[in-house]
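J.: Residue 49 in the numbering used here is what sits at position 49 of the sequence shown, and the numbering runs on without skipping anything.
All C-beta atoms, glycine included, are put in the ideal place defined by N, C-alpha and C.
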Amino acid sequence: MIPIVEEIPKFSCSACGKCCSHIRGMISDEEKDFLRKFAFGKLPLVQVIPIDKMSFPLFDFEAKRFREWAKEAAVDAKIQPSRVVLDLNSNKAIIVTYAMDYDACPFLKEGKCSIYYTKRAFICRMFPFNRGPFLKTGENPKKEDLFGSCCRMEPILPRLDDSSKDALVQQLYHSLSSEFLNVVQFDFMHEWINKTIVGLMKTRILRPAVNYPYEFLLKRIENSEKIDLMDFLVEAGVKARGEVDALIQKFDENIDAKEFLR
């Protein structure tokens with residue numbers, strides 16, 4: 001029996017800034033293990049930042065926005081590539097995600113996010129979630145594994161029923177509607193990236209460097225011309241600029257998540 005969703009309080013962010021004050025290491029031990037095994041040269045996506053230095057990810061199109069917002073806020077955002085594909089066809093380093101080289105978000109001013117009400121990244125908009133409940137593991141997700149530390153979750157977490165994925169999804173959508181949509185869309189975007197890279201490889205538009213020594217890859221990436229993934233799709237003739245803009249708008253509006261949860 002699915003619990004009555006009205007019994008679960010609505011989540012409301014207090015904008016306390018605590019989540020923004022620690023933006024490094026926002027990944028699980030399971031994800032760290034995966035990165036150590038595969039993200040340093042064994043797969044097309046290469047992690048170019050040490051795991052202990054990783055901060056929250058920005059998709060390539062988000063990084064462009066953040067550079068502009070940083071100018072407006074007079075902030076040195078220290079945005080740098082985080083995950084990259086080295087393409088042996090074009091000899092270009094295709095940047096898929098970026099990160100800001102800070103322990104605390106540089107937009108955090110006096111304990112408050114200075115751009116909270118107008119401009120935020122997906123990783124910000126999905127908090128207090130760390131990840132969504134739709135991992136294809138064949139197991140029901142554990143509610144404790146879905147969230148980061150947030151005092152506003154204290155009255156909510158004990159009431160969530162994770163014995164049934166259907167029940168949990170209904171409760172999450174009720175209690176954390178916008179945040180839940182954002183984390184589901186976040187997962188869809190990662191899936192889109194993976195499928196896009198595989199599709200480019202199948203059509204031989206992309207020939208990623210794989211199984212090279214990691215230090216060799218880093219040096220090649222450092223010396224290569226850089227291009228964002230979305231710009232690469234346009235340059236390679238895979239998508240027109242208007243199609244890319246429409247795709248980004250679709251991501252921003254959580255269209256995939258809304259259709260999935262309909």
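The alpha helix (DSSP H) that contains ARG65, what's its start and end?
T.: ARG65 -> alpha helix (DSSP H) spans 60-72.
J.: Classify LYS10: buried if its beta carbon has 16 or more other beta carbons within 10 angstroms, exposed otherwise.
T.: Classification of LYS10: exposed, given that the 10 Å Cβ count is below 16.
J.: On the CB-based measure, 16 or more other CB atoms within 10 Å of its CB, does ASN91 come out buried or exposed?
T.: Result: exposed.
J.: On a Cα-Cα basis, can you pick out the residue from LEU181, ASP76, CYS13 and ASP145 that is closest to ASN254?
T.: Checking every option, the nearest Cα to that of ASN254 belongs to LEU181.
J.: Runs of 3 residues minimum, wholly inside the region 70-117: which ones carry the beta strand (DSSP E) assignment?
T.: If we require 3 residues or more, the beta strand (DSSP E) runs fully inside the region 70-117 come out as 79-87 and 92-100.
J.: Should the region 46-62 be called in touch with the region 79-95, which here means at least 3 C-beta pairs below 8 Å?
T.: Yes, the region 46-62 is in contact with the region 79-95.
J.: Under 6 Å Cβ to Cβ from GLY132, same chain only, skipping five residues before and after it: list those, please.
T.: Here the set comprises VAL183, VAL184 and ASP187.
J.: If LYS239 sits next to LEU233, beta carbons under 8 Å apart, how far is it from one beta carbon to the other, in whole angstroms?
T.: Right, the Cβ-Cβ distance comes to about 5 Å (below 8 Å), so this counts as a contact.
J.: According to DSSP, which residues form a beta bridge with GLU225?
T.: BP columns for GLU225 point to LYS92.
J.: Let me make sure I understand the geometry here. Which of ILE123, LEU88, ARG262 and PHE147 has the alpha-carbon closest to that of ARG204?
T.: That would be LEU88, whose Cα lies nearest to the Cα of ARG204.
J.: With a 10 Å radius around its C-beta and 16 neighbouring C-beta atoms as the bar for buried, classify ALA15 as buried or exposed.
T.: Its Cβ having fewer than 16 others within 10 Å, ALA15 is exposed.
J.: Here's the rule I'm using: 16 or more other beta-carbon atoms within 10 Å means buried, otherwise exposed. How should MET62 be labelled?
T.: In the sequence under discussion, the amino acid at residue 62 is Glu, which differs from the Met named in the question. It is buried - the Cβ of GLU62 has at least 16 other Cβ atoms within 10 Å.
J.: Do you know offhand how far LYS42's Cα is from GLU7's?
T.: Each residue's alpha carbon lies about 47 Å from the other.
J.: Rank ALA246, GLU144 and PHE260 by C-alpha distance to the C-alpha of PRO128 and give the top, closest one.
T.: Closest by alpha carbon: GLU144.
J.: So, using beta-carbon positions, are PRO106 and ALA77 closer together than 7 Å?
T.: Yes.
J.: From ARG220, ALA121 and ARG125, pick the residue whose C-alpha is nearest to that of ALA70; which is it?
T.: Ranking the options by Cα distance to ALA70, first place goes to ALA121.
J.: Three-state secondary structure (DSSP) at PHE129?
T.: Strand, per DSSP.
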